[in-house]
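So for the sequence shown, this note's numbering puts the first residue at 1; every next one is plus one.
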Amino acid sequence: MYDKILNGIIDNISDYKGRSLCFTSNDKYLNTYFCKDLIKNLKDFNKYDLLEINPENFNIKIDYIRDIQEFISYKPNYSSYKIVVINEIEKMNIQASNAILKTLEEPPEHTIIITNTNLWNKLLPTIKSRLNKINIKLDSNFKNKIYEKYKNTHQYIKYFVENDFQITKFLYENSEDIILEQINIIKQKNIEELCEILTLNQENPLNKINSTFAYTQIIKNIIKNDVNEVLKISKIIIKKKENINTGIFLKFLSKISLVLIKDSIITKTSKNWSTIDLLYMSEFFGIEDYNFDIKYIEDSYEYYNGIINSKLSNFKFEIEIYTHLLRIHRCYSLFRRRK
Numbered sequence: 001m002y003d004k005i006l007n008g009i010i011d012n013i014s015d016y017k018g019r020s021l022c023f024t025s026n027d028k029y030l031n032t033y034f035c036k037d038l039i040k041n042l043k044d045f046n047k048y049d050l051l052e053i054n055p056e057n058f059n060i061k062i063d064y065i066r067d068i069q070e071f072i073s074y075k076p077n078y079s080s081y082k083i084v085v086i087n088e089i090e091k092m093n094i095q096a097s098n099a100i101l102k103t104l105e106e107p108p109e110h111t112i113i114i115t116n117t118n119l120w121n122k123l124l125p126t127i128k129s130r131l132n133k134i135n136i137k138l139d140s141n142f143k144n145k146i147y148e149k150y151k152n153t154h155q156y157i158k159y160f161v162e163n164d165f166q167i168t169k170f171l172y173e174n175s176e177d178i179i180l181e182q183i184n185i186i187k188q189k190n191i192e193e194l195c196e197i198l199t200l201n202q203e204n205p206l207n208k209i210n211s212t213f214a215y216t217q218i219i220k221n222i223i224k225n226d227v228n229e230v231l232k233i234s235k236i237i238i239k240k241k242e243n244i245n246t247g248i249f250l251k252f253l254s255k256i257s258l259v260l261i262k263d264s265i266i267t268k269t270s271k272n273w274s275t276i277d278l279l280y281m282s283e284f285f286g287i288e289d290y291n292f293d294i295k296y297i298e299d300s301y302e303y304y305n306g307i308i309n310s311k312l313s314n315f316k317f318e319i320e321i322y323t324h325l326l327r328i329h330r331c332y333s334l335f336r337r338r339k
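Right under this line is the structure:
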């Protein structure tokens, strides 16, 4: 999956003693999975010389830093080095961040500190400057194997392969039939039923697939209906707000809209768009043979990007639903089929 990066680190692991590393990608699941895979494949390393730190209630407190400092103050018992893993290091509070600076800068020679984050730019500059950043990405051969396996549903799975490692791994381990089955099920659902799907446990990759398809189906309904129908759909969603996580709903709906708009902008403005690594979202939504107003769609790109980067507490769900859905409708109601 990421053999080149993984093997390069394993083969030279001794070079990382007394250093602090940070593995980064845009996928939290990929980051933590990679770190576990790395530890598992290290030769002659004993798990009793490992300390792993995970956020508690979305927070890494100063007590965890004290645990780290005590752990590394002693030499390893069973291996030639100790390893500290800090998952989602961006969740350190300010006290913890200040307390760990010296430790990150100069770990003992018998210690390797491994951190990970999908939000590198949110780390404090004082933290970033003390970490050796290593970007994780999936090998192209691994991706190509999945695309070959799902050649009849390529437009439906590329979004997952580029954005969600947990689902990508699930796709790799299963057959194309499972995607075809889920697509057919989702197509039969009305708006109320689609909203119910969004309440499923998102730790399950199949539920995540169905939820993503449900989001896209909602957007398809918005794009392909008139304004009155869009208002009806908005009211149905608002009535369901007690059963869904409204903040996550708005952010994920914005993310799907943003990816669709980005693909639309690229195909409209680039002469060489067929060679660019698109996610084929226009094909996913069945609107690849339309034209649209580029200026309004660029404005909408900024709007959805703002939603994604805003705090959940800043949202008034009812207003945002109307604004969001009417905006995406206007983007694509301006479409006219090519003749």
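In this text, a Cβ means the ideal position worked out from N, Cα and C, and glycines have one as well. Please read these numbers as outputs of a predicted model, since none were measured by experiment.
| Item | Value |
| --- | --- |
| Lys342: first and last residue of the uninterrupted beta strand (DSSP E) it sits in | A query on residue 342 cannot be resolved here, the shown segment of the chain reaching from 1 to 339 and no further. |
| Coil, strand or helix - Leu206 by DSSP | helix |
| Backbone secondary structure at Lys339 - three-state DSSP | In this prediction, Lys339 has a pLDDT of 42, which is less than 50 and means its spatial position is unreliable; what the coordinates show is noted afterwards. Reduced to three states, the DSSP call for Lys339 is coil. |
| Bounding residues of the alpha helix (DSSP H) (the contiguous stretch that carries Phe23) | Taken as a continuous stretch (DSSP letters only), Phe23 belongs to no alpha helix (DSSP H), being part of the beta strand (DSSP E) at Arg19 to Thr24. |
| According to DSSP, residues forming a beta bridge with Leu50 | Ile83 |
| Distance between Ile244 and Cys195 (C-alpha atoms, nearest Å) | 8 Å |
| Ordered list of beta strand (DSSP E) runs contained in the region 59-144, each at least 3 residues | 82-86, 111-117 and 132-135 |
| Which listed residue (Ser300, Thr103 and Cys22) has its alpha carbon closest to that of Lys133 | Cys22 |
| Cβ-Cβ separation, Lys241 to Phe317 (assumed contact under 8 Å), whole Å | 6 Å |
| Cβ-based burial, Phe34 [other Cβ within 10 Å; buried from 16] | buried |
| Simplified DSSP state of Ser310, which is helix, strand or coil | coil |
| Sequence-distant residues of the same chain with beta carbon closer than 6 Å to Phe165, five excluded per side | Asp27, Tyr29 and Leu30 |
| Rounded separation between Glu229 and Ile222 - CA only | 8 Å |
| Other residues of its chain near Leu171: CB distance less than 8 Å, five sequence neighbours each side excluded | Ile146, Lys149, Tyr150, Ile157, Phe160, Val161 and Ile179 |
| Beta-carbon proximity of Ser79 to Asn41, cut-off 8 Å | no |
| N-terminal and C-terminal residue of the alpha helix (DSSP H) that Ile157 is part of | His154 to Asn163 |
| Continuous alpha helix (DSSP H) stretch holding Asp402: start and end | Past the boundaries of the shown model lies residue 402; the chain is included only from 1 to 339, so the question cannot be answered. |
| Gln217 beta carbon less than 8 Å from that of Ile186 | yes |
| Collapsed DSSP secondary structure at Gln217 in the structure displayed | helix |
| Neighbourhood of Ser254 by C-beta distance below 6 Å, restricted to the same chain and skipping five residues each side | Tyr304, Ile307 and Ile308 |
| Of the listed residues Glu109, Tyr2, Ile10 and Phe285, nearest to Thr153 (C-alpha basis) | Phe285 |
| Contact set for Leu250: own chain, Cβ-Cβ below 8 Å, skip 5 residues either direction | Ile307, Phe315, Phe317, Glu320, Ile321 and His324 |
| CB of Leu50 within 8 Å of CB of Ile83, strictly | yes |
| The region 90-102 contacting the region 135-146, beta-carbon criterion three pairs below 8 Å | no |
| Where the alpha helix (DSSP H) through Ile179 begins and ends | Asp177 to Lys187 |
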